[in-house]
Amino acid sequence: MRLKPNKSYKYGFQIAPYIVFFQSNKERLKFQKICDLIQLGYVRKRKDGILEYIISRQKAIIEFLCWIKPYVIIKKQQVALMEEILKKKETINDSKDFSELMQLIDKFRELNYSKKRKRHILTP
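Heads up, the sequence shown is in numbering that gives the first Met the number 0, so the first residue is 0 and it goes up one at a time.
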């Protein structure tokens with residue numbers, strides 16, 4: 000889940016939900032088989048040789064979460080929170096609603112490990 004500063008958006012930030020799977024290019028054929036089964040995103044190869052399968056359309060993310068939800072063991076909190084964020088995103092009426100959404104996004108980001116996370120001061 001990315002919250003990117005963007006002055007062209009109403010509250011100054013773009014909300015970009017996404018789900019990404021990573022795999023070494025050495026296992027490209029096996030990874031491609033899995034991606035072909037899912038058919039909700041696209042594969043890209045990074046400069047470091049890692050393949051990424053990215054699901055970024057909100058409708059596709061919701062569909063994927065519905066598929067996997069009964070089987071998730073490790074990231075149950077992230078699945079539930081992502082669903083909550085996507086629902087909340089559709090009901091933003093004012094800066095108070097947007098502020099609540101930003102807090103949910105911060106909570107989501109804290110659940111996921113990241114070496115390169117950038118910190119932004121989030122003020123709508």
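Note that CB positions come from ideal geometry on N, CA and C, so glycine has one too.
Being a predicted model, the structure only gives us computed values, none of them experimental.
Bounds of the alpha helix (DSSP H) holding Glu82 are Lys75 to Lys88. Contact between Ile67 and Tyr17 does not hold, since their C-beta atoms are separated by about 15 Å, which reaches or exceeds 8 Å.
Taking every protein chain shown into account, the CB of Gly40 has 16 or more other CB atoms within 10 angstroms, so this residue is buried.
Proximity of the stretch 65-85 to the stretch 42-54 falls short of the contact definition, fewer than three beta-carbon pairs being nearer than 8 Å. According to the DSSP assignment, Glu51 belongs to no alpha helix (DSSP H) but to the beta strand (DSSP E) extending over Ile49 to Ile54. Burial state of Ile72 is exposed, judged by a 10 Å Cβ sphere holding fewer than 16 other Cβ atoms. Gln77 is the residue among Gln77, Lys44, Asp47 and Ser7 whose C-alpha sits nearest the C-alpha of Ile60. For the pair Gln22 and Phe30, the CB atoms are nearer than the 7 Å cut-off. Boundaries of the beta strand (DSSP E) harbouring Leu2: Arg1 to Pro4, taken from the DSSP string.
Per DSSP, the beta bridge partners of Arg43 are Glu51. The shortest CA-to-CA distance from Ser98 to any of Tyr10, Lys44 and Lys58 is the one to Tyr10. Short of 7 Å from the beta carbon of Lys44, and not among the five residues preceding or following it, lie these beta carbons of its own chain, in chain order: Asn24 and Leu50.
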